[in-house]
Amino acid sequence: MKAGVDTVASSPRWLAGAAIVLATLSPLLLGSDYLRFVAVLILINAIAATGVNLSMGYCGLVSVGHAGFLAIGAYVAAFVVNHVSGNAVLAIFAGALAAGLVGVVIGLPTLRLNPLYIAMVTFGFGQATNLVAVNWIDVTGGPNGLAVNAPTILGVEASNTTLYLIAVALFLGSLWVAYCTGQSRLGRAFLAIKESEIAARSMGITVERYKMIAFAISSIMGGVAGGLYAMVSGYVNPDAFVFQVSVLLVTMCVAGGLGRLSGPIIGAAILTILPELLRPFAEYKELFSGVILLGFLILMPRGLASLVGGWIAASQIKRRAV
Amino acid sequence: MNRDIILSVIKVSLAFGGNRVLTDVSLDVDRGQLFAIIGPNGAGKTSLFNVLTRLYEADSGEAVLDDANLFDLSATDLAQSGVMRTFQNILVLKELSVLDNVLLGLHTTYRTSLVTTAFGSVPYRREERRRRELAHEALKVVGLEQLAHLAAGSLPFGYLRLLELARCIASSPKLILLDEPSAGMTSQEIERLTSTIGLIRRTLNPTILLIAHTMKLVMQVSDRILVLDHGAPIAEGTPAEIASNQVVIDAYLGGASDHADA
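Going line by line, the protein sequences match chains A and B. Using the working numbering, read the first sequence as starting at 19 and increasing by one per residue. Using the working numbering, read the second sequence as starting at 39 and increasing by one per residue.
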């Protein structure tokens with residue numbers, strides 16, 4: 019009954035559920051360019067927030083610079099499409115790989131520090147990445163941004179429907195990896211490290227190594243989200259990867275439920291749709307996300323998923339007891 | 039005499055600043071033995087455990103585990119070398135299920151690679167299933183198998199100690215360090231713990247180092263007892279010898295042979 023049990027004991031029904039919902043909604047979403055774009059934005063945010071959730075929610079590594087990994091994924095993917103190969107999937111993978119490599123390079127010296135310093139370093143990383151995007155004009159197009167050529171799949175220009183399907187596939191793939199990770203010795207090790215490094219060490223968990231793994235998976239997912247964004251929007255500029263985006267990703271995790279598979283997805287859906295509904299008040303966007311973050315931290319620190327999660331856990335216990 | 043010594047501690051000393059915590063502590067533990075360490079609060083029992091599990095660095099002295107120099111190993115290496123411990127202040131993950139907590143104790147026994155694990159490959163799933171069986175068996179030994187799927191945080195205090203014990207034995211370690219497993223337990227729970235320790239010894243036959251304040255438990259399960267006072271050993275012997283040792287009686291047992299202060 020206690021919340022949190024489903025972090026590890028939840029079943030792939032989540033995955034099946036997400037697939038069914040997406041399949042049912044697809045005709046509707048594909049019927050309107052606007053709805054499709056919002057849906058893809060939700061998927062992109064859900065992938066990125068799932069990454070943040072793995073490092074922060076499971077392993078306790080607070081990252082307030084995750085937009086930096088999205089930026090790297092986006093610019094690398096854009097570069098690949100414009101200059102190397104038009105293949106959308108290849109471009110996204112290149113972006114993810116680059117983000118993962120940078121994640122490892124940042125993580126190696128940082129993850130030995132205490133959590134507060136990790137937050138500071140990730141903040142600095144996010145800011146630095148943004149400054150590079152603004153000033154490395156030859157590659158990034160600077161503040162004006164960069165137009166991304168129409169990506170292809172198997173030599174054919176990728177239609178909006180194709181890109182939507184790629185987004186769905188990458189989202190389900192990320193969800194699958196997050197699920198397997200959370201359920202395996204990886205997820206248990208992450209959670210043990212978050213709770214007590216001493217206990218983790220006495221279980222034989224190589225703490226530094228597992229922190230590195232959590233951070234790497236997290237940055238790879240950030241890169242995937244960024245690359246996908248570049249492919250879908252056809253345009254990349256530094257404004258898409260500012261500090262507020264990093265905070266928004268953390269807010270998604272907190273609002274949905276940190277350390278839960280479904281948390282970042284619920285959070286991403288709500289915090290992507292809400293600003294769309296509140297477009298007339300767009301200048302208060304940051305205020306909204308700040309208030310939501312604070313509100314959830316104070317009133318519902320386990321997030322919205324805890325409402326559903328508690329119910330699922332209870333039903334599981336009941337079923338096993340029968 | 040042909041003893042099979044698994045752990046040999048030789049003149050280990052530890053100080054925090056000017057505060058001497060351990061002074062020339064030596065002990066030899068035979069394989070399969072249950073070796074208890076007793077003494078009043080602040081005698082250095084837990085500090086000795088922390089030195090032996092590499093959480094503290096000894097100032098001087100040696101420790102030999104089988105043929106390896108224990109002080110060459112890190113805290114993380116120990117689980118791999120078959121040394122597991124419980125904690126006085128109970129370190130279980132309250133958010134995780136009881137079963138998952140036990141699976142943590144099996145962490146070092148996994149062989150599939152982390153990449154195949156993250157992608158949920160078939161070999162990993164097979165391995166995970168086998169580990170779950172092992173975890174269930176460990177829970178059965180301590181009598182918590184019915185509660186395997188509850189959140190650990192929902193268990194009463196005494197059960198948490200049993201859960202730590204299950205996590206400790208799941209990987210069939212050769213050396214187990216139990217730090218006050220009976221603290222905070224009711225007398226009924228202590229009886230259960232006593233029989234559980236007996237069951238573990240019969241089925242897994244590990245070597246056990248035990249810290250406990252509950253004299254009834256110590257006298258009943260121990261093969262050998264070391265008494266520490268202010269970080270220094272003052273007596274060692276069988277339960278019967280310790281119970282009749284005048285120094286020990288004067289200092290700790292206060293004349294009562296069945297003094298249970300936990």
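By construction, the Cβ of each residue, glycine as well, lies at the ideal position given by its N, Cα and C atoms. This one's a predicted model, so the numbers in the text were calculated from it and none came from an experiment.
task: Would you be able to state if there are at least three C-beta pairs under 8 Å between the segment 58-76 of chain A and the segment 279-299 of chain A?
output: Touching, per the Cβ criterion.
- Query: Any beta-carbon of chain A closer than 8 Å to the one on B/F195?
  - Reply: In the second sequence, the residue the question calls residue 195 of chain B occupies position 157. Chain A, which has no Cβ nearer than 8 Å to the Cβ of B/F195, makes this no.
Inter-residue Cα distance where the pair is B/S151 and B/L172
Here residue 151 of chain B refers to the residue found at position 113 of the second sequence. Here residue 172 of chain B refers to the residue found at position 134 of the second sequence. Near 20 Å, if we compare the C-alpha coordinates of B/L172 and B/S151.
### Task
For the segment 79-104 of chain B, list the alpha helix (DSSP H) runs that are entirely contained and at least 4 residues long, ordered along the chain.
83-90, all fully within the segment 79-104 of chain B.
**Report entry** Beta-ladder partner(s) of B/V265, from DSSP
**Finding:** By 1-based counting over the second sequence, the position of residue 265 of chain B is 227. The partner list for B/V265 (beta bridge, DSSP) reads B/I76 and B/A273.
Contact check, B/V67 vs B/I44 under 8 Å by CB: the rounded distance? Walking along the second sequence from the start, residue 67 of chain B turns up at place 29. Walking along the second sequence from the start, residue 44 of chain B turns up at place 6. Between B/I44 and B/V67 the Cβ distance is about 6 Å, and since that is below 8 Å, they are a contact.
Check: Under three-state DSSP, which class holds B/R205?
Finding: For this step, residue 205 of chain B is matched to residue 167 along the second sequence. B/R205 falls in the helix class under three-state DSSP.
Is it true that the segment 206-215 of chain A meets the segment 123-136 of chain B, where meeting means three or more beta-carbon pairs spaced less than 8 Å apart? In this structure the segment 206-215 of chain A lies against the segment 123-136 of chain B, because at least three pairs of beta carbons, one per stretch, are closer than 8 Å.
- Item | Distance between B/T245 and B/D42 (C-alpha atoms, nearest Å) | Position 4 of the second sequence, counting from 1, holds the residue named residue 42 of chain B. Position 207 of the second sequence, counting from 1, holds the residue named residue 245 of chain B. Distance from the CA atom of B/D42 to the CA atom of B/T245, rounded to whole angstroms, is 11 Å.
| field | Neighbour-count burial assignment, B/H145, 16 or more Cβ in a 10 Å radius | value | The residue labelled residue 145 of chain B in the question sits at position 107 within the second sequence. Under the 10 Å beta carbon count, B/H145 is surrounded by 16 or more other beta carbons and is classified as buried.
Next item on the list: Mind listing, in chain order, the continuous alpha helix (DSSP H) runs of no fewer than 4 residues lying wholly within the segment 102-127 of chain B?
Entry: Secondary structure in the segment 102-127 of chain B: the alpha helix (DSSP H) runs of 4 residues or longer, each lying completely within the stretch, are 113-118 in chain order.
Of the listed residues A/A66, A/Y52 and A/L79, nearest to A/V208 (C-alpha basis)
As a working mapping, residue 208 of chain A is identified with position 190 in the first sequence. Before going on, a small fix: residue 208 of chain A reads as Phe here, not Val. Closest by alpha carbon: A/L79.
| Skipping 5 residues on each side, what residues in its chain have a beta carbon closer than 7 Å to that of B/Q126? | Walking along the second sequence from the start, residue 126 of chain B turns up at place 88. Counting only Cβ-Cβ distances below 7 Å, and skipping sequence neighbours, we find T84, D217, E218 and A221.
For B/R123, decide whether its Cβ has a neighbour in chain A, counting only Cβ atoms nearer than 8 Å. Residue 123 of chain B sits at position 85 when you count from the first residue of the second sequence. Interface residue, yes.
ask   = If we call anything under 8 Å between Cβ atoms a contact, is A/V82 one with A/G125?
value = Indexing the first sequence from 1 puts residue 82 of chain A at position 64. Indexing the first sequence from 1 puts residue 125 of chain A at position 107. No, Cβ-Cβ distance for A/V82 and A/G125 is not below 8 Å.
Less than 8 Å between CB atoms is the rule here; does B/F54 satisfy it with respect to chain A? By 1-based counting over the second sequence, the position of residue 54 of chain B is 16. Output row for B/F54: interface = no.
Notebook entry, point to check: How many angstroms separate the CA atom of B/M122 from the CA atom of A/V268?
Noted result: As a first step, residue 122 of chain B must be located in the second sequence, where it is residue number 84. As a first step, residue 268 of chain A must be located in the first sequence, where it is residue number 250. Roughly 36 Å separates the two Cα atoms.
When the Cα atoms are used, what is the spatial distance from B/Y148 to A/N100?
-> For the purposes of this step, residue 148 of chain B is taken as the residue at position 110 of the second sequence. For the purposes of this step, residue 100 of chain A is taken as the residue at position 82 of the first sequence. Going by the C-alpha atoms only, they are around 44 Å apart.
*Would you mind telling me which residues of chain A sit closer than 9 Å to B/H174, beta carbon to beta carbon, in chain order?*
As a working note, residue 174 of chain B is residue 136 in the second sequence. Under the 9 Å cutoff, chain A gives no residues; its nearest Cβ is about 13 Å from B/H174.
- [ ] Show which residues of chain A have a CB atom less than 8 Å away from the CB atom of B/A156.
- [x] For the purposes of this step, residue 156 of chain B is taken as residue 118 along the second sequence, with counting starting at 1. Ordered by position in chain A, the residues that pass the 8 Å Cβ test against B/A156 are V195, C198, T199, S202, L204 and I235.
request  = Tell me whether B/V285 is buried or exposed, calling it buried when 16 or more other Cβ atoms sit within 10 Å of its Cβ.
outcome  = For this step, residue 285 of chain B is matched to residue 247 along the second sequence. Exposed is the call here.
Against chain B: residues of the segment 55-73 of chain A by CB proximity under 8 Å: Listed in sequence order: no entries.
Residues of chain B with CB under 9 Å from A/I231, in chain order? As a working note, residue 231 of chain A is residue 213 in the first sequence. Neighbours of A/I231 on chain B, chain order: L152 and A156.
What number of angstroms, rounded off, separates the C-alpha of B/E100 from the C-alpha of B/G80?
-> Your numbering for residue 100 of chain B matches position 62 in the second sequence. Your numbering for residue 80 of chain B matches position 42 in the second sequence. Distance between the alpha carbons of B/E100 and B/G80: 22 Å.
Contact check, B/G275 vs B/T61, beta carbons under 8 Å = Counting from 1 along the second sequence, the entry for residue 275 of chain B is found at position 237. Counting from 1 along the second sequence, the entry for residue 61 of chain B is found at position 23. At least 8 Å separates the beta-carbon of B/G275 from that of B/T61.
Q) Pick from A/A168, A/R130 and A/A185: whose alpha carbon is nearest that of A/A41? A) Residue mapping note: residue 41 of chain A aligns to position 23 of the first sequence, counting from 1. Answer by Cα proximity: A/A185.
Item to complete: Specify, as a first and last residue, the run of the beta strand (DSSP E) that B/F54 falls within.
Response: As a working mapping, residue 54 of chain B is identified with position 16 in the second sequence. Taken as a continuous stretch (DSSP letters only), the beta strand (DSSP E) holding B/F54 covers I43 to F54.
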